[in-house]
Ligand SMILES: [Zn+2]
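In the working numbering, the protein residues as written are 185 to 444.
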């Protein structure tokens, strides 16, 4: 009788484990008020303003770097590689945003590999960790990129979409995010309220301010207001790769169909 009960319970557990959504994608409960900060395009103000401010609050963050054409050499607009290296030394994650900010839906498999490898090689040369997070330039995705990112050992890849990330539902290579600009303050504060019930809020931030692309600029005072709010309301603010403590990426890759 007793053994019968045990084997009954065991079969229920095996059955639950095989159901999508009740798998072990989530390793440990995701706390409310969990925010991932990401910064795109290697903008100069990431080194001069954002990094020190995050440090002040003890926040983590991911800097998605590329050599943005045509004027990556303009160091008023973009970071020097030494500054990117310095952010890594400060403990921030450096993620891959392709070599030349190339939209992945416009190129061959070989070219995407080349674009990824350029940034990986640059990191290796400068004594930085191999990137494990990727952000799609211009949020443009392509089904072919999924297989390539997996082959190349990436853990997460980020898109736009303005919704909270649900690790039980969203493919880890199609992680949605909210983008900050100069005029969507209300939307961002509403987004912060969605970091609960297993959902994580991921922010995409460009320059603070952005001297290269004015339409994605975030004013420093507004960004500071966001950071102070997250601090004062006891949010946990981490880099993208830190999500592995909560998410079994392999399980998620095996279980969730990418929805484009
Ligand atoms: Zn970008």
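Cβ coordinates follow ideal geometry from the N, Cα and C atoms, glycine included.
Give a yes or no on whether the C-beta atoms belonging to residue i and residue j are separated by under 8 Å.
{"i": "residue 319", "j": "residue 341", "result": "yes"}
{"i": "residue 467", "j": "residue 285", "result": "Because the chain in this structure spans residues 185 to 444, residue 467 falls outside the shown range and cannot be described."}
{"i": "residue 244", "j": "residue 276", "result": "yes"}
{"i": "residue 357", "j": "residue 330", "result": "yes"}
{"i": "residue 366", "j": "residue 388", "result": "no"}
{"i": "residue 215", "j": "residue 327", "result": "no"}
Would you say the beta carbon of residue i comes nearer than 7 Å to a heavy atom of ligand 1?
{"i": "residue 254", "result": "no"}
{"i": "residue 321", "result": "yes"}
{"i": "residue 281", "result": "yes"}
{"i": "residue 416", "result": "no"}
{"i": "residue 326", "result": "no"}
{"i": "residue 285", "result": "yes"}
{"i": "residue 394", "result": "no"}
{"i": "residue 432", "result": "no"}
{"i": "residue 346", "result": "no"}
Leaving aside the five residues before and after residue i along the sequence, list all residues of the same chain whose C-beta is less than 8 Å from its C-beta, in chain order.
{"i": "residue 228", "result": "259, 260, 261, 262, 263, 267, 391, 395"}
{"i": "residue 429", "result": "211, 212"}
{"i": "residue 325", "result": "288, 289, 343, 358, 444"}
Give me the Cβ distance between residue i and residue j, rounded to the nearest whole Å; I'm assuming they're in contact under 8 Å.
{"i": "residue 411", "j": "residue 237", "result": "6 Å"}
{"i": "residue 220", "j": "residue 422", "result": "6 Å"}
{"i": "residue 332", "j": "residue 250", "result": "17 Å between Cβ atoms; not a contact."}
{"i": "residue 248", "j": "residue 280", "result": "7 Å"}
Give me the residue from the options with the minimum Cα distance to residue i.
{"i": "residue 282", "options": "316, 380, 404, 442", "result": "316"}
{"i": "residue 346", "options": "239, 325, 385", "result": "385"}
{"i": "residue 432", "options": "378, 404, 351", "result": "351"}
{"i": "residue 218", "options": "419, 405, 435", "result": "419"}
{"i": "residue 393", "options": "208, 214, 372, 224", "result": "224"}
{"i": "residue 377", "options": "414, 353, 398, 406", "result": "414"}
{"i": "residue 240", "options": "298, 254, 274", "result": "274"}
{"i": "residue 399", "options": "337, 405, 368", "result": "368"}
{"i": "residue 407", "options": "363, 397, 424, 297", "result": "363"}
{"i": "residue 338", "options": "231, 417, 424, 361", "result": "424"}
Given residue i, which residues of its chain have a CB within under 6 Å of its CB, disregarding the five upstream and five downstream residues?
{"i": "residue 272", "result": "278, 312"}
{"i": "residue 427", "result": "none"}
For residue i, I'd like the list of residues in its chain whose CB is within less than 7 Å of its CB, leaving aside the five on either flank, ordered along the chain.
{"i": "residue 460", "result": "Summary: the structure shown does not reach residue 460, with the chain confined to residues 185 through 444, and so no result is reported for it."}
{"i": "residue 265", "result": "306, 310"}
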